[in-house]
Amino acid sequence: MADILDGKLVRDAILESLKPRIAALEELQRPPGLAVVLVGNNPASEIYVRSKVKACEELGMFSEKHMPTDDVTTEELLFLVRSLNARPDIDGILVQLPLPAQIDEQQVLMAIDPMKDVDGFHPVSAGHLMAGRPWFRPCTPAGVMKMLAHYQIPIAGKRAVVVGRSDIVGKPMAMLLLHESATVTICHSKTRDLAEECRRADIVVAAIGRPAFLTPEFIAPHAVVIDVGINRLKDRAAVDRIFEGDAARLAAFDKNGSVVVGDVHPAAFRNCAAYTPVPGGVGPLTIAMLMSNTVLSAEFRFGNPQA
Ligand code: GUN
Numbered sequence: 026m027a028d029i030l031d032g033k034l035v036r037d038a039i040l041e042s043l044k045p046r047i048a049a050l051e052e053l054q055r056p057p058g059l060a061v062v063l064v065g066n067n068p069a070s071e072i073y074v075r076s077k078v079k080a081c082e083e084l085g086m087f088s089e090k091h092m093p094t095d096d097v098t099t100e101e102l103l104f105l106v107r108s109l110n111a112r113p114d115i116d117g118i119l120v121q122l123p124l125p126a127q128i129d130e131q132q133v134l135m136a137i138d139p140m141k142d143v144d145g146f147h148p149v150s151a152g153h154l155m156a157g158r159p160w161f162r163p164c165t166p167a168g169v170m171k172m173l174a175h176y177q178i179p180i181a182g183k184r185a186v187v188v189g190r191s192d193i194v195g196k197p198m199a200m201l202l203l204h205e206s207a208t209v210t211i212c213h214s215k216t217r218d219l220a221e222e223c224r225r226a227d228i229v230v231a232a233i234g235r236p237a238f239l240t241p242e243f244i245a246p247h248a249v250v251i252d253v254g255i256n257r258l259k260d261r262a263a264v265d266r267i268f269e270g271d272a273a274r275l276a277a278f279d280k281n282g283s284v285v286v287g288d289v290h291p292a293a294f295r296n297c298a299a300y301t302p303v304p305g306g307v308g309p310l311t312i313a314m315l316m317s318n319t320v321l322s323a324e325f326r327f328g329n330p331q332a
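So in this note's numbering, the last spot in the sequence shown is 332, and the numbers never skip.
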């Protein structure tokens, strides 16, 4: 039986470790503050943003939400970001992606003060990551590293295959694994013999955004499988095919009209060493690392009272 890597457990440990740091900052100056910008009404983004604001509240951090309508212009968003850059009570700025098509996404992300770039998407943050210097790391790959560390999964000298080359997950994930001395392969839509590449891996990170794409022939029995995908399925036939024999999931689909699946096919989890479930694996860690980056940002600003 494969081990399950429990993201909620690791998240709770991360959040617990932040509490004394937040208390110390509050004593010294003020609690850390996060501003979240959510454009338009994308239901998935709304759920993520709500969770981020809730996590701040539970930790006693300050947070605020800005919700421009989806006809906002790049100029207007730039104005908002610059006003948040100038605010002394805001440590972190997060612009929820994706943005509507008329927005120059790169320009908006580049406008965020790197000192407040708690998403770690700014080229300055990417440069620090590349150079191996301490700075804000993109939250999802940073969370994956915390997961591997928590479960004491060896990385040095292991073959790691990252499937997906996005700026947000794939590329930073590969760099973080490389810094821990893994032999890293980055695969993508043009990769030949993808299943064979994955089968050679000791650690597989699936981050391509395609439901149940990595089927059992992609996964070696000794592999640790990290599934970053969160795909909502609404098609009954696809759900029946992917979750065949899983009465609980099929019942959940009947009740809700949709069900979430990762980038890894559930059948592929049956024959591996350990895996992150979807939901409840990597997802909870992304928010925990956002909180962690926001605390770090306040510590950069005021000095780490605990150091
Ligand atoms: N959209 C999906 N994931 C993320 C994330 O981690 N940060 C931002 N800003 N947008 C996202």
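Yeah, the Cβ is synthetic: ideal placement off N, Cα and C, and Gly gets one too.
Would you mind reading off the limits of the beta strand (DSSP E) that contains residue i?
i: R184; result: 184-188
i: E51; result: Element bounds for E51: not the beta strand (DSSP E) but the alpha helix (DSSP H), 32-53.
i: R257; result: 256-258
Between which two residues does the alpha helix (DSSP H) holding residue i run?
i: T99; result: 99-110
i: C81; result: 68-84
i: N318; result: 308-327
i: D265; result: 261-267
i: N296; result: Note, N296: premise wrong, no alpha helix (DSSP H); not H, not E.
i: F278; result: 272-281
i: V250; result: First-last for V250: 249-252, but that is the beta strand (DSSP E), not the alpha helix (DSSP H).
i: K171; result: 164-175
i: K141; result: Run containing K141: none; DSSP gives neither H nor E here.
When burial is assigned at 16 or more other CB atoms within 10 Å of the CB, is residue i buried or exposed?
i: R200; result: This sequence places Met at residue 200; Arg is not what is there. M200 is buried by the Cβ-count criterion.
i: S214; result: exposed
i: F294; result: buried
i: D227; result: buried
i: M172; result: buried
i: E324; result: buried
i: G168; result: buried
For residue i and residue j, which I take to be in contact (beta-carbon distance under 8 Å), what is that distance rounded to the nearest angstrom?
i: L203; j: C212; result: Contact flag wrong, Cβ pair sits at about 15 Å.
i: L105; j: H91; result: 6 Å
i: V186; j: D252; result: Actually they do not touch by this definition, with Cβ atoms about 13 Å apart.
Give me the residue from the options with the minimum Cα distance to residue i.
i: M135; options: N110, P125, L154, A126; result: N110
i: Q131; options: P139, H147, D116; result: H147
i: I72; options: S42, I178, I312; result: I312
(request) Evaluate contact between the segment 183-197 and the segment 155-169, counting only Cβ atoms and requiring at least three cross-stretch pairs below 8 Å. (result) A contact between stretches requires three or more CB pairs, one per stretch, nearer than 8 Å, and the segment 183-197 meets this requirement with the segment 155-169.
(request) Please determine if the segment 178-195 and the segment 218-236 are in contact, where contact requires at least 3 C-beta pairs separated by less than 8 Å. (result) Contact between the segment 178-195 and the segment 218-236 is present, because at least three Cβ pairs lie under 8 Å.
(message) Quick check: the segment 117-135 against the segment 56-71, are at least 3 beta-carbon pairs closer than 8 Å?
(response) Because the criterion of three Cβ pairs below 8 Å is met, the segment 56-71 and the segment 117-135 touch.
(request) Decide yes or no for the touch test of the segment 294-305 against the segment 261-279: beta carbon pairs closer than 8 Å, at least 3 of them. (result) Result no; under three Cβ-Cβ pairs closer than 8 Å.
(request) Answer yes if the segment 278-295 comes into contact with the segment 48-56, meaning at least three C-beta pairs across the two stretches below 8 Å, and no otherwise. (result) With the cut-off at 8 Å, the segment 48-56 and the segment 278-295 do not touch.
(message) Using 8 Å as the cut-off, can you tell me whether the segment 139-149 makes contact with the segment 77-92, which would need three or more C-beta pairs spanning the two stretches below that distance?
(response) Judged by Cβ distances under 8 Å, the segment 139-149 makes no contact with the segment 77-92, as fewer than three pairs qualify.
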